[in-house]
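First the structure, in the form of C-alpha cells, and then the observations on it.
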Amino acid sequence: EVPVMTPYRVWARNGITVSADAALSNIAVIGSDISDPHAILVRSEQIDTSLYARLLAVARAGAGYDNITVEKATRRGIPVFTAPANENAVTELLFMMLGYEARNIGPALEFNDVLSHPAEGRSVADVAEANKRRFNGTELMGKRIAVIGLGNVGVHVANRARALGMLPVGYDSHFSLHNAHRLSRDV
497 EVPVMTPYRV WARNGITVSA DAALSNIAVI GSDISDPHAI LVRSEQIDTS LYARLLAVAR
557 AGAGYDNITV EKATRRGIPV FTAPANENAV TELLFMMLGY EARNIGPALE FNDVLSHPAE
617 GRSVADVAEA NKRRFNGTEL MGKRIAVIGL GNVGVHVANR ARALGMLPVG YDSHFSLHNA
677 HRLSRDV
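Under the working numbering, think of the first position of the sequence shown as 497, with each following residue one higher.
Right, dumping it as C-alpha cells:
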C-alpha cells in the first residue's frame, strides 16, 4: 500500500499570489495563512528561518538575501533561492532618474506652466530666452558614481555607468567570483 502524503504547505508572503493547476494542488497547499510551512515565498519581509521547524526551502522574489537568515538556513540544510529582478529594467530606471535630476527636467516642466501664461507685454520667446540658463543641468559623463552592493543589479549599474563615461566605484562586502567576472575591469 502506498502511503498518502500530506501536501506541502507553502506560505506566500507580501501579497505573492500563485495560481496552481489541479496537479499541483495534490502536492501543495499555497496561501498567505499557512502555519508551520514547508516552504516560504517572500519579497521583502524579514524571514527568520529558525522559527519554522518543518521548513524545507525559502524562495525570494527579488535580488539578494538581506531579508532572510541565510546562515541559519544553511546550518539546517535549507536552500534559499532567488528569482532576481530584471537588472536591465532596474538599471534603465535608475539612469532615467539620474538624467531627470541632472538635466533639471522637473523644474523645466514646471516652467512650461509659466510659458503658458507669460506676463503681460512679454512674449513666450522673451520669457524662454531670459530663463533658459536655469535648466542647463549637468552631464553624467565624467561624474563619479558609487555603487554599494555588486550583485546582479549593482554590476549592471556599474558597467552601464562606465559605458556612459561615468567613473563608477564599487563596494561589496560579499563580492562573488561570478559577479567579479561580469564586472568591467575599469570599475
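Positions of the beta carbon are idealized from the N, C-alpha and C atoms, including for glycine.
Look at the Cβ atom of N627, then the Cβ atom of F607, and state whether they are nearer than 8 Å. In this structure, F607 lies closer than 8 Å to N627 by Cβ.
Run the CB neighbour count on G647, radius 10 Å, all protein chains shown included, and call it buried at 16 or more, exposed below. Buried, by the Cβ-count rule.
Looking only at DSSP bridge pairs, what is G527 linked to? G527 is bridged to W507.
Please name the residue or residues paired with L663 in a DSSP beta bridge. Paired residue(s): R640.
Using the Cα positions of A549 and G595, report the straight-line distance between them to the nearest angstrom. Approximately 49 Å, taken between the alpha carbons.
Might you give, ordered along the chain, the residues of its own chain that have their beta carbon closer than 6 Å to the beta carbon of N655, omitting 5 neighbours on each side? Excluding positions up to five away in sequence, the list reads S680.
Give, in chain order, every unbroken run of the alpha helix (DSSP H) that is at least 4 residues long and sits entirely within the segment 575 to 610. Taken in chain order, the whole alpha helix (DSSP H) runs of length 4 or more contained in the segment 575 to 610 are 583 to 598.
Neighbourhood of I530 by C-beta distance below 7 Å, restricted to the same chain and skipping five residues each side: Hits under 7 Å: R505, V506 and W507.
What span of residues does the beta strand (DSSP E) with R556 cover, start to end? Where R556 is concerned, the enclosing beta strand (DSSP E) stretches over A553 to R556.
Can you tell me whether T587 is buried or exposed? The criterion is at least 16 other CB atoms within 10 Å of its CB, across all chains shown. Residue environment analysis places T587 among the buried positions, since at least 16 neighbouring C-beta atoms fall within 10 angstroms of its C-beta.
Euclidean distance between Cα positions of Y667 and I523: Straight-line Cα distance between these residues: approximately 43 Å.
With DSSP as the reference, please indicate the residues paired to A535 in a beta bridge. Answer by DSSP bridge pairing, in chain order: V506 and A553.
Host alpha helix (DSSP H) of L673 (start-end): Secondary structure note for L673: its alpha helix (DSSP H) is the uninterrupted segment L673 to R678.
Which same chain residues, not among the five before or five after G661, have their C-beta less than 8 Å away from its C-beta? Counting only Cβ-Cβ distances below 8 Å, and skipping sequence neighbours, we find L636, M637 and G638.
Residue from R640, K568 and A624 whose Cα sits closest to the Cα of A659: Nearest C-alpha to A659: R640.
From the DSSP secondary-structure annotation, give me the bridge partner or partners of I564. Paired residue(s): I543.
Nearest by alpha-carbon distance to T545: which of I574, I526 and G560 is it? Distance from the Cα of T545 is smallest, within the candidate group I574, I526 and G560, for I574.
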